[in-house]
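Going left to right, the sequence shown walks through residues -10 to 528 as my numbering numbers them.
The structure appears right after this line, and notes come after that.
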Amino acid sequence: MQGEEVQRRLAALREQYAERIGNDLQTLMAQARELAARQRAVEPEALESLRHGLHRIAGSAGTFGYPALGQEAREMELWVQTVLETAVAPTSPMLTTLHDRLSGSYRLLENSATASVAEPQADYELVSGERAIRIAIMAEGDTHGLLQSLSGFGYDCRCLTEIEEWRSWRPDVVIIDTAHVEPAVWQASVAEVPSAMRVLLSDDGSFDARLQAVRAGAQGFFTHPLDVPALERRLRHLVSLPQQDPYRVLIVDDDVELAEHFRLTLKVAGIESRVIDQPSDVLRGLREFVPDLVLIDINMPGCSGTELARLIRFDDDWLRIPLIYLSAESDAERQAQALAQAGDDFLVKPISDVALTAAVTARAQRSRQLSQALARDGLTGLIKHPAIKELIEIEQSRTQRSGAEACVVMIDIDRFKSINDTYGHGTGDYVIRLLANLLRQRLRRVDHVGRYGGEEFVAVLPACSLDNACEAIERIRESFAQMECVAGKAVFHATFSAGVASTFDWADAGALLEAADRAMYEAKQSGRNRVCVARDTSV
């Protein structure tokens, strides 16, 4: 969805809301007038209906450009809430006063409509399509090894010399060799892209040199001879690689216009959202959408937000997902009571677009980090051993149901112990990440890659023939063998051996994995740096 389209839809929502809120106020005025005219006691249900209507306006009016109206509605809601809690029947004059105040709010709305309401500015630019992180290198001499090493991790690397190149390419990170590039030269260049993060290289590792790097705005500092694995770790930290899919948020709110405004606001910030206005649809939404967090309105007819949160927590699959209450409730004690019932945090309506996006991003990021810590390997970000075995079982079952072939690949880095013994375990980790990133880049989005243990990897390739699987892994093997691995001043090459097995040849998931493993060892015994196919010799 393009930025202009999002803004157009937000504008349409504001017009739609302006019409709806006028109708809502007229309905509340009619309810208050009817209650004031009654000769009998007012039922709590009628007051609750009034309170809920006022609550919706209090939570949404500010978002759509009517903050004064939202504040008025909140004050009237608190009055009705107090009446309900004290169980003191409101008198006719009290209800007439409420009606008159609602009439005043309606006039306030009409006056706001005639005035020019400033459209809220987009708080964030639309997130562009995915691209590789751009790294500019400013250094003298041979930079080929560094360029190739970083390119192997998926970075787009260039040595830039002309000012125009900086302006047109606009790198995300700049690596500057301050030992060989004059300060005036690199400072003039990076001034063209002030948003770029800076990593400085130096011959001097003293405290004063590091302090000068801090004052020059550096986010990283390394000394010669350059430790490339350490540099790559720092870059990965700075740019949060690997690139993640957009955060996913489930919005549960019976106020459809407000929920849609939230969805579009988050969309502008690159966050995917789905709106559910019926609490009974939440479990299905969780299964289909698998969100990173859930925003829940507390006050919904038929099922409160706190009840819904407790219901969600019945299922162990959703225990890790943060449940964030989003409500106009401003009373601290009531918020605390809500949080005590399965909630993780509380955001108060009305909430600005900036605050909503920042809060959701921070909590979704934490949620995903926790999920990845549980299901992903910390070094590579790939799926862990148990999860990859489960995926193999899923593909084996799918083959039995549909007859579609899938393949499993076992991969092992050759002579990995020698790499660790010769260059150190830090370099060994660097080689593992290098291969993990190459597999992630070269395989399809539908494929799954896991770290099976140590230097072993497993790839699961759905809807893939044995021939196609072998061709794909062979291409990756050749690319990996050509990469230059850097350890201090040393440059070396690493290779891997692989075994491929098809779901057509083994009906059991365990046997399928074992077959791929045997084929991989066959490749090792045949001289390494090759791909072997598992064959069923029992037939």
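Every residue, glycine too, gets a C-beta built ideally from N, C-alpha and C.
For Phe469, DSSP records no beta bridge to any residue.
For His437, the enclosing beta strand (DSSP E) starts and ends at 437 to 442. Ala125 is bridged by DSSP to Arg147, Val163.
Within the stretch 199 to 242, the complete alpha helix (DSSP H) segments of 4 residues or longer fall at 217 to 228, listed in chain order.
Taking 7 Å as the cut-off, the Cβ atoms of Ala523 and Gly499 do not count as close. Here the alpha carbon of Ala219 sits roughly 10 Å from the alpha carbon of Gly477. Note: Glu66 is not bridge-paired with any residue in the DSSP secondary-structure output. By the 16-neighbour rule on beta-carbons within 10 angstroms, Ile152 is exposed. Of the residues assessed, Val245 falls on the exposed side of the cut-off, its CB having fewer than 16 other CB atoms within 10 angstroms. When only Cα atoms are considered, Gly291 and His44 end up about 15 Å apart.
Within its own chain, the residues whose Cβ lies closer than 8 Å to the Cβ of Ser515, once the five positions on either side in sequence are excluded, are Cys521, listed in chain order.
Between Val264 and Ile240, the CB-CB gap stays under 7 Å. DSSP lists Gly488 as the bridge partner or partners of Cys521.
Between Ser184 and Ala168 a beta carbon distance of about 25 Å is seen, past the 8 Å cut, so the two are scored as non-contacting. CA-to-CA, the gap between Pro311 and Phe53 works out to about 27 Å. Boundaries of the alpha helix (DSSP H) around Met509: 498 to 514. Taken through DSSP and simplified to helix, strand or coil, Glu460 comes out as helix. The beta carbon of Ser81 sits closer than 7 Å to the beta carbons of Ala25 from its chain, once the five residues preceding and following it are set aside; these are given in chain order. Ranked by how close their Cα comes to the Cα of Gln(-4), the residues Ala30, Thr150, Leu253 have Leu253 in first place. Annotated three-state conformation of Glu445 is strand, per DSSP. The bridge partners DSSP lists for Phe481 are Cys474. Closest option to Leu432, judged by alpha-carbon separation, among Arg9, Ser293, Gly442, Leu450: Leu450. Taking Cys146 as reference, the option from Phe493, Ile122, Ser157 with the minimal CA-CA separation is Ile122. About 6 Å separates the Cβ atoms of Val398 and Ala458, confirming a contact at the 8 Å cut-off. Taking a 10 Å sphere around the C-beta of Lys406, we find fewer than 16 other C-beta atoms and assign the residue as exposed.
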